[in-house]
Amino acid sequence: MSSNNEDYSSYLPLQEKLVHKNTASRAVELVILSLLVSVLVYRIVCFKDQDHYLPWVVAFLCESWFTFNWILCMCLKWNQCSTKTYPERLLQRVNETEFPAVDIFVTTADPILEPAIITMNTVLSLLAVDYPANKLALYLSDDGCSPITFYSLVETTKFAKLWVPFCKKFNVQVRAPFRYFTPNSTPLEDDSLEFQQEWKKMKKEYGDLYKKIEVASRQPFECDPNSEFAVFSDVKRSDHPSIIKVISENKEGTPSDIPHVIYISRQKSPKHHHHYKAGAMNVLCRVSGLMTNAPLMMNVDCDMYVNNPQVFLHAMCMVFGFENEKDCAFIQFPQAFYDALKDDPFGNQLADIYYVANGIQALQGSFYGGTNCFHRRKVIYGSSPNDTLKTENIGTEDLLKIFGQSTELRESASQILSNAKMENRPSPSNLIEAAIRVAGCSYEYGTNWGKKVGWLYGSTTEDILTGLAIHGRGWKTVFTSTEPLAFLGSAPSTYPSSLIQQKRWAAGLFENLFTNKNPIFLTVNGNMWFRQALAYLWICLWAARSVPELCYAILPAYCIITCSNFLPKVNESTFLIFVTVFVIYNVYTLWEVRRLGVSLRMWWNIQRMRRVNIMTAWLFGFVTVMLKLIGLSTVVFEVTQKEQKYDGDDDDVDAGRFTFDKSPIIVPGVVILLVNLTALVNNMSRLLKVDFHENWTGVHELGIGEMFCSVWVILCFWEYLKGLFGNGKYGIPSSTILKSGGLALFFVQLCRRSSRLF
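So the sequence shown is numbered by the working numbering: it starts at 2 and just counts up by one.
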């Protein structure tokens, strides 16, 4: 009987695509679309009857954009599916010796904004995953060239030789020590005496490691010229040679040992553009190609620790589960966050991304999110699906143009592209000199790195740009979520850091449209599906949404100040169209997130912060790209502040409160708020003059619809309103208020003058 079960299990899939019914959502989305089209028809039909043309034209243009954006969103979410993996079947069917090797990339850029202890916990969680250690190599890219980071990695590797066996022996599920050893954690009384003793020992050892790193981080680090830290003497963050150190080697190839651990700080020079994270990833790709040349590469941000120790097995379910590798260029796991602020006050925890992710999965596959992703090295090297071209048929000159001068790198790339089996590779420590050469800042000149090979240049969101190129060549990709979640990271815990992140995303995504990887171009001249192109268009146009959103937010105030209308009067039947759109849309979005277990308060925070972020951070992203296109500015990669949090650490009663700094990003929000407040006060004074007994119809002339819209905008910017009267860091700086007040006054005067012309 058992043999029959084993025979049956051998036919069960390692992964399967689950299609979700989406009938109700489709119906509601079509209703909303029909209402939006009705609004546009109303605008056209009634245009000739208007006394003031300007607000009507602006409203029509904005609503046309909203309709277009809604169509893109519908196409993106129309089909819903997810992918489920079965690692237990994988272990029954595939021997560990057959597992492919994986090179792990961890990137960090600033030891202050990205504290070393956070990065080291990510490293420890990766070293302890359930996967043969002799199949793994971990590369840490330190773009800050910090001796603190190197010192921390050395000490962490020592601790890992105790931590990894402990985790695997006792099947510890949370393998990032700062999450496992919470301040109040203790072993259970029911645990074995051996476990309790080992647990206490590990907690003490981690405490010692934590203190070493913290002490080293708080004071200038002395680099002894006679030690391994000598290379860090007199180096500058933006001007230093390549530094590559093999900290630990699994020379015996023992599966139970810890993986190779290698530190990399690529060469930098003020004379050469370093291309931010994309440049760091390409150096990691080249160095790892020389040293270990694993067919798979996995990259994570420094704050994204492994929350599910079987995540590599889940990924292998994809690798072995697809008959055609064309269907699995990369495997993307979701970004999720630990100790997230209650109800997501800043709207940055991606709680509403579920349906978008499942919608994309039903097309050509997931976007590349920049972290938590497994890549096929051959895909990153520019290979196309079903590519039958053998590298031995490529001339030496072509190989030089593609991969550069390094003979060792060209040979390793040839092995990958021809699917040759990797055997008897030299130890990483024997290849340091060759690796230092390919980590040089001038190595890429005259090659295809950053253009057709590796992570692509041209955008601060190199992840989306690289994913565009992969889908443009015809590859499909996979998105899957595990239980528990595969990775957890830290979301920005302050409003200013959230704004920086939102601005960087919006600007980087918008930049992609002005490269040769424009999704429409890749559909016409490449192999990208049309609906996949629309999905990319939806996300890349985030920054462009700021202009119509901003215009629509100040339009009610303009109409109130100028005694004009852009909405029908409340006694007109067409007014119901606008009311219905507003009500159905908000009820629909609430219904969507409630199915995910999101609270009512969190839904409201997501809705209002989306409006706020679009008109502030996304607006600045849009302006930055426009200035770049005309040569007046450049888009700069800004690192988001990372903060360490302990599970259950809720002592900060002010967590989630809005703080403000002197950043100009908040100025548009303050202006919008002041303008709408001015308009409401103006209209309230008019209402007081209306005699409702004798002139009730006069109320219709006061723009009740416009007043409601202004109130809605003020509610969305409620935290800004509180900031106007707040103190210290919880108040908007007086200089910002003065600037915003001047701009608001200028707008009001402009409205009054324009009313005579339009």
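Just so it is clear, CB atoms sit at the ideal spot from N, CA and C, and this is done for glycine as well.
Just the Cα atoms here: how many angstroms apart are V613 and F167?
Distance between the alpha carbons of V613 and F167 is about 47 Å.
Among S35, I248 and Y369, whose alpha-carbon lies nearest the alpha-carbon of V582?
Nearest of S35, I248 and Y369 to V582, Cα basis: S35.
Closest to Y181 by C-alpha separation, out of G598, D144 and Y306, would be which residue?
Of G598, D144 and Y306, the residue nearest in Cα terms is Y306.
Can you give me the Cβ contacts of D52 inside the same chain, cut-off strictly under 6 Å, excluding the 5 residues immediately before and after it?
Contacts found: none.
Run through the DSSP bridge pairs and tell me what D302 is partnered with.
The partner list for D302 (beta bridge, DSSP) reads T108.
Starting from the C-beta of A421, find all residues in its chain whose C-beta is less than 8 Å away, skip the five residues before and the five after it, and write them out in chain order.
Answer for A421: S415, listed in chain order.
Looking at C-alpha atoms only, which residue of I332, W476, N309 and T737 is the closest neighbour of G527?
If we check each option's Cα against that of G527, W476 comes out closest.
Helix, strand or coil for Q362 per DSSP?
Note: Q362 maps to helix in three-state DSSP.
At which residues does the beta strand (DSSP E) containing S374 begin and terminate?
The sequence shown places Cys at residue 374, rather than the Ser named in the question. From DSSP, the beta strand (DSSP E) with C374 extends over C374 to R377.
Can you tell me whether V46 is buried or exposed? The criterion is at least 16 other CB atoms within 10 Å of its CB, across all chains shown.
Classification of V46: exposed, given that the 10 Å Cβ count is below 16.
On the premise that A435 lies in contact with V284, defined as a C-beta separation below 8 Å, what is that separation, rounded to the nearest angstrom?
About 13 Å; that fails the 8 Å criterion.
DSSP three-state label for G490, please.
Strand, per DSSP.
Below 8 Å between beta carbons: does that hold for K402 and G447?
Contact flag set, yes.
What does DSSP give as the partner residues of S249 in its beta bridges?
S249 pairs with V262.
Would you mind listing the alpha helix (DSSP H) stretches within the region 475-541 that are 4+ residues and don't spill past its ends, in chain order?
Complete alpha helix (DSSP H) runs here, min 4: 496-512, 520-526 and 531-541.
Is DSSP giving V548 helix, strand or coil here?
Three-state DSSP puts V548 in a helix.
For H376, does the count of other Cβ atoms within 10 angstroms reach 16, so buried, or fall short, so exposed?
That one is buried.
With H, G and I counted as helix, E and B as strand and the rest as coil, what does DSSP make of K629?
Three-state DSSP puts K629 in a helix.
Restricting to Cα atoms, I'd like to know which of P101, E17 and E30 is closest to E85.
Going by the sequence as given, residue 85 is Lys instead of Glu. Ranking P101, E17 and E30 by Cα distance to K85 puts E17 first.
Three-state secondary structure (DSSP) at S142?
DSSP places S142 in strand when its eight states are reduced to three.
Look up T563 in the DSSP assignment and say whether it is helix, strand or coil.
It is helical.
Taking the alpha-carbon positions, what's the F61 to A618 distance?
Cα to Cα, the separation comes out at about 25 Å.
So, using beta-carbon positions, are I332 and R378 closer together than 8 Å?
No, Cβ-Cβ distance for I332 and R378 is not below 8 Å.
For D209, count the other beta carbons within 10 Å of its own beta carbon; 16 or more makes it buried, fewer makes it exposed. Which is it?
When all chains shown are included, D209 counts as exposed.
M317 and L91 - do their beta-carbons sit closer together than 8 Å?
Yes, these two residues count as a Cβ contact at 8 Å.
I'd like to know whether the C-beta atoms of L154 and V124 end up nearer to each other than 8 Å.
Contact flag set, yes.
Since Q16 is in the beta strand (DSSP E), which residue starts that stretch and which ends it?
Per DSSP, Q16 belongs to the beta strand (DSSP E) from Q16 to H21.
With respect to the alpha helix (DSSP H) encompassing T68, which residues constitute its N-terminal and C-terminal limits?
Note, T68: alpha helix (DSSP H), Y54 to K78.
From the DSSP output, which residues share a beta bridge with D601?
The residue you asked about is not Asp; residue 601 is Leu in the sequence shown. None; L601 has no bridge partner.
What first and last residue would you give for the beta strand (DSSP E) that runs through Q220?
That residue, Q220, is in no beta strand (DSSP E); it is neither H nor E in DSSP.
Cα-Cα, which of Y140, V165 and F151 is closest to P133?
The shortest Cα separation from P133 among Y140, V165 and F151 belongs to V165.
Under DSSP, the beta strand (DSSP E) around I332 begins and ends at which residues?
Note, I332: beta strand (DSSP E), F331 to Q333.
Could you check where the alpha helix (DSSP H) with C286 kicks off and where it finishes?
Y277 to M292 is the span of the alpha helix (DSSP H), which, as asked, contains C286.
Would you call the CB atoms of D842 and I119 closer than 8 Å?
Examination of residue 842 is not possible in this model, given that the chain is present from 2 through 759 alone.
Count the other CB atoms, across all protein chains shown, that sit within 10 Å of the CB of T24; report buried if there are 16 or more and exposed otherwise.
Looking at its Cβ environment, which holds fewer than 16 other Cβ atoms inside 10 Å, T24 is exposed.
Whole angstroms are fine: how far does the CA of E97 sit from the CA of P346?
Cα to Cα, the separation comes out at about 45 Å.
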